[in-house]
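Taking our numbering, the leading residue of the sequence shown gets 101, the next gets one more, and so forth. To start, the structure itself, in structure tokens.
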Amino acid sequence: MIDKLEAIKKRFEEVSQLIVQPDAMSDMKAFTKLNKEYRDLEKIVKKYDEYSMVTSNIDNARQVLEEEKDPEFREMAKEELDELNPKKEDLEEELKFMLIPKDPNDSKNVILEIRAGTGGDEAAIFAGDLFKMYEAFASKQGWTFSVMSLTEGTAGGFKEIVSSVEGEDVYAKLKFESGAHRVQRVPQTESQGRVHTSAATVAVLPEAEDVDVELNMSDIRKDTFRASGAGGQHINKTESAVRLTHAPSGLVVECQDGRSQHANYDKALKVLRSRLYEQELKKHNEAISSQRKTMVGSGDRSDKIRTYNYPQGRVTDHRINLTVYNLPTIMGGEIDEFIEKLRIAENTEMLKAEQE
Numbered sequence: 101m102i103d104k105l106e107a108i109k110k111r112f113e114e115v116s117q118l119i120v121q122p123d124a125m126s127d128m129k130a131f132t133k134l135n136k137e138y139r140d141l142e143k144i145v146k147k148y149d150e151y152s153m154v155t156s157n158i159d160n161a162r163q164v165l166e167e168e169k170d171p172e173f174r175e176m177a178k179e180e181l182d183e184l185n186p187k188k189e190d191l192e193e194e195l196k197f198m199l200i201p202k203d204p205n206d207s208k209n210v211i212l213e214i215r216a217g218t219g220g221d222e223a224a225i226f227a228g229d230l231f232k233m234y235e236a237f238a239s240k241q242g243w244t245f246s247v248m249s250l251t252e253g254t255a256g257g258f259k260e261i262v263s264s265v266e267g268e269d270v271y272a273k274l275k276f277e278s279g280a281h282r283v284q285r286v287p288q289t290e291s292q293g294r295v296h297t298s299a300a301t302v303a304v305l306p307e308a309e310d311v312d313v314e315l316n317m318s319d320i321r322k323d324t325f326r327a328s329g330a331g332g333q334h335i336n337k338t339e340s341a342v343r344l345t346h347a348p349s350g351l352v353v354e355c356q357d358g359r360s361q362h363a364n365y366d367k368a369l370k371v372l373r374s375r376l377y378e379q380e381l382k383k384h385n386e387a388i389s390s391q392r393k394t395m396v397g398s399g400d401r402s403d404k405i406r407t408y409n410y411p412q413g414r415v416t417d418h419r420i421n422l423t424v425y426n427l428p429t430i431m432g433g434e435i436d437e438f439i440e441k442l443r444i445a446e447n448t449e450m451l452k453a454e455q456e
């Protein structure tokens, strides 16, 4: 572990020099990447420096015990060791977690897809509630959240809504949200007052760059049609909506939110690229999970991951058996506790796998 940490410290010093060079900002893409690497390494180096200071103090205290005859000095050294040894163990654990290889997609922006599942109108209303939850969470993170396409539900909410989320470490924080979300409540459309169970599925796709997916444009068929829904006369009278069909995979993407056909084409292409990337990522994750069973699941949208029970005001994440009784707060976008505990669970599991 020390060898790894020393190598990281050396790289941090190199990056620290590169980032202040006069021509560092001439290539903004490279500078942004370098700046992110600096911030990531800085966290580890600071923790390693703290660890080094603690181990140095432990060595000094042990030396006092070996050489010092004065009872008072010896007692002080023992007290210091009693305090420092547990601190050293804690720092070692923190550093082990920090050294787990990061998911290369963690820094990516995402395409967030929410679809109504079983439950008819109530499922669409719940999909709308989930959309508001993620929109509020994104706002708290300082991210840019924009709708790319949507199909409204007949009684409210959405049959499907696709959004782009941009900012720092978006995928890292949202990736565990992929899966089936269940709601248990009396539907707005139910007159008898009985509790129903409905569902909506969430897919979090890391936004693919040109280098991630090799896309042959001759494999894509583009169709245009008139957009439906809100948007005024312009959106209904022009064929601004775009449908892209990718022949090799059979994937179909529609986008009608933008004002122009060109804007919708660009958005649809971004979604298509991300869905193709997700397919490759899923194959990769399945290959890994065949070697080890992951407690937080594969991220497959069919996996039941969370239940929102309105009568009891509780939310349960089934992957880590965590139940909280603050449902209104959760629906208001305060999902940090789930995200952090899922991250810890995944890291713990990866650490075990490395040690086996």
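By construction, the Cβ of each residue, glycine as well, lies at the ideal position given by its N, Cα and C atoms.
| Check | Outcome |
| --- | --- |
| Residues that DSSP places opposite Arg-217 in a beta bridge | According to the sequence provided, residue 217 is Gly. The question's Arg does not apply to it. According to DSSP, Gly-217 bridges with nothing at all. |
| Per-residue DSSP class, three states only, for Met-248 | strand |
| Inter-residue spacing [alpha-carbon to alpha-carbon] between Arg-294 and Arg-343 | 40 Å |
| Backbone secondary structure at Gly-331 - three-state DSSP | The predicted model places Gly-331 with a pLDDT of 42, which falls under 50 and marks its position as unreliable; any figure quoted below should be read in that light. Note: Gly-331 maps to coil in three-state DSSP. |
| Stretch pair the segment 425–438 + the segment 229–240: three plus CB contacts closer than 8 Å | yes |
| Beta carbon of Lys-67 nearer than 8 Å to that of Ser-207 | Nothing can be reported for residue 67: it is not among the residues displayed for the chain, which extend from 101 to 456. |
| DSSP three-state assignment for Asp-190, whether helix, strand or coil | helix |
| Presumed contact (8 Å Cβ cut-off) between Glu-213 and Ala-303, rounded CB distance | 4 Å |
| Distance between Val-115 and Ala-238 (C-alpha atoms, nearest Å) | 30 Å |
| Beta-carbon contacts of Ile-439 that lie in its chain and below 6 Å, excluding the five residues immediately before and after | Lys-273 |
| Coil, strand or helix - Gln-284 by DSSP | strand |
| Nearest residue (CA-CA) to His-296, options Glu-142, His-346, Tyr-408, Lys-370 | Tyr-408 |
| Through-space distance from Glu-314 to Val-378, alpha-carbon basis | One detail in the question is off: residue 378 reads as Glu in this sequence, not Val. Approximately 13 Å between the Cα atoms of the pair. |
| Residues that Ala-300 bridges to, as DSSP identifies them | Ala-216, His-281 |
| Neighbourhood of Leu-105 by C-beta distance below 6 Å, restricted to the same chain and skipping five residues each side | Tyr-148 |
| Span of the alpha helix (DSSP H) around Glu-113 | 102–118 |
| Which listed residue (Val-154, Ile-119, Arg-282, Glu-150) has its alpha carbon closest to that of Arg-139 | Ile-119 |
| Inter-residue CB distance, Asp-319 and Pro-348 (contact presumed, cutoff 8 Å) | 5 Å |
| Check whether Ile-405 and His-281 have beta carbons under 8 Å apart | yes |
| Element boundaries [alpha helix (DSSP H), containing Lys-133] | 128–167 |
| Where Asn-185 sits in the DSSP three-state scheme | helix |
| First and last residue of the uninterrupted alpha helix (DSSP H) at Ile-430 | 427–431 |
| Beta strand (DSSP E) segment containing Ala-341, residue limits | 341–346 |
| Inter-residue spacing [alpha-carbon to alpha-carbon] between Lys-370 and Asp-269 | 19 Å |
| Sequence-distant residues of the same chain with beta carbon closer than 7 Å to Ser-360, five excluded per side | Ser-340 |
| Member of Glu-180, Glu-189, Ala-107, Lys-202 whose CA lies at the smallest distance from the CA of Tyr-151 | Glu-189 |
| Residues that Glu-266 bridges to, as DSSP identifies them | Thr-244 |
| Between the CA atoms of Glu-179 and Met-101 - distance to the nearest angstrom | 28 Å |
| C-alpha gap between Phe-325 and Phe-112, whole angstroms | 53 Å |
| Integer Cβ distance of Phe-258 from Ala-216, believed to fall under 8 Å | 7 Å |
| Identity of the residue in Ala-255, Thr-251, Gly-256 nearest Val-262 by Cα | Thr-251 |
| Alpha-carbon spacing of Lys-287 relative to Glu-222, whole angstroms | In the sequence under discussion, the amino acid at residue 287 is Pro, which differs from the Lys named in the question. Approximately 6 Å, taken between the alpha carbons. |
| Under the three-state DSSP convention, the category Tyr-271 falls into | helix |
| 8 Å contact criterion, which Ser-278 and Phe-226 should meet: CB distance rounded | Incorrect: roughly 17 Å between the Cβ atoms, too far for contact. |
| With 16 other Cβ atoms within 10 Å as the buried cut-off, status of Pro-78 | Here the chain comprises residues numbered 101 to 456, so residue 78 is not present and cannot be evaluated. |
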